[in-house]
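As you go down the protein sequences, you meet chains X and B in turn. Convert by adding 359 to the 1-based position in the first sequence; the result is the number in this note's numbering. Convert by adding 359 to the 1-based position in the second sequence; the result is the number in this note's numbering. Each residue gets a CB set at the ideal place from its N, CA and C atoms; glycine is no exception. Owing to the predicted nature of the structure, the values given are computational and were not obtained by experimental measurement. One structure below.
2 protein chains.
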Amino acid sequence: MTSTENHNLENHSSQMRKGILEFCILLIIRTTPGIYAPDILRRLKDIDMIVVEGTIYPLLSRLKRENILEYSWEESMSGPPRKLYALTPKGKDMLGQLVLNWKSLSSSITSLLRHE
Amino acid sequence: MTSTENHNLENHSSQMRKGILEFCILLIIRTTPGIYAPDILRRLKDIDMIVVEGTIYPLLSRLKRENILEYSWEESMSGPPRKLYALTPKGKDMLGQLVLNWKSLSSSITSLLRHE
DNA sequence: GCATAGTACTTTGTATTGCAAGGTACTATG
DNA sequence: CATAGTACCTTGCAATACAAAGTACTATGC
């Protein structure tokens, strides 16, 4: 495999994630309110979504700025304080809508897959 | 609803599509080899994926350049000639991989949704 | 007290993607 | 020849994900 082809494959894999990433993060936070960034990264890794800090921190900041997420501080025994994230009411509404979008998209793709 | 909030909603809806778009286009072409761009746009619209020309033409060109798609020309009675797209063998391999990725992602999200 | 390592969060620069808007070129119609 | 319809392409912009480097807090070893 050439380095170009390798780059293409990585590129396509990462493209598949785009947009879905934010959706997954919101789902994880809804499932586990009070979670902090490193644990979100671990949960994403568990579902084969490798994401790095430089991706997730600006995303969490933006969602906070947009009043979709809120956080509280927690002192840590082993390092700097942690930001514990939870959905705001607006975030819950938005996630509800995203879930509907996901189900619609997922069902359309399933129907395209039926032609395999 | 303020214009800012409206912008956010549109933004989030469009983000949900990112990356999935290429996957859907490849699925559509596999289902209907010899399809041309305006018909791909119509099929995307049918599954609630509104996409514009300025998005799809550069994407198709890139996939051609990467040897994932190929096309042949067809004369048209009612305008300029059309590019009829089909998957190359490499494109079929890649789509097969993307389908596996999709199934894995989809099953992970389904499991996150179970906590609703 | 001070250097080191580990943890948590942040910032900067770059590449890629999708979109809006506008452009080129072909055909049919009046 | 002008207009409308169709098909394809290009340009400039905003948003996202990443790599890499930076800041700041705590615990440990000396």
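- Contact between the stretch 388 to 407 of chain X and the stretch 459 to 472 of chain X is not established, with fewer than three Cβ pairs separated by less than 8 Å.
- X/I427 and X/T390 have their alpha carbons spaced roughly 15 Å apart.
- Residue burial is scored here from C-beta neighbours: B/E434 has fewer than 16 other C-beta atoms within 10 angstroms and is therefore classed as exposed.
- The straight-line gap separating the alpha-carbon atoms of B/Y430 and X/D405 is approximately 39 Å.
- Residue environment analysis places X/M436 among the exposed positions, since fewer than 16 neighbouring C-beta atoms fall within 10 angstroms of its C-beta.
- Contact between the stretch 443 to 455 of chain B and the stretch 378 to 393 of chain B is present: 3 or more CB-CB pairs across the two stretches fall below 8 Å.
- Excluding the 5 residues flanking it on each side, X/K449 has same chain C-beta neighbours closer than 7 Å at N426, I427, in chain order.
- Using a CB distance cut-off of 8 Å, X/G378 counts as an interface residue toward chain B.
- With respect to chain X, the C-beta atom of B/D452 has no partner C-beta closer than 8 Å.
- Note on X/E381: 16 or more other CB atoms within 10 angstroms of its CB, so buried under the neighbour-count rule.
- Rounded to the nearest whole angstrom, the C-alpha separation of X/P392 and X/V410 is 20 Å.
- Going by DSSP, B/Y395 is part of no beta strand (DSSP E) at all; its letter is neither H nor E.
- Beta-bridge annotation (DSSP): X/R441 is paired with X/E433.
- Rounded to the nearest angstrom, the Cβ distance from B/L418 to B/I384 is 7 Å, consistent with a contact under 8 Å.
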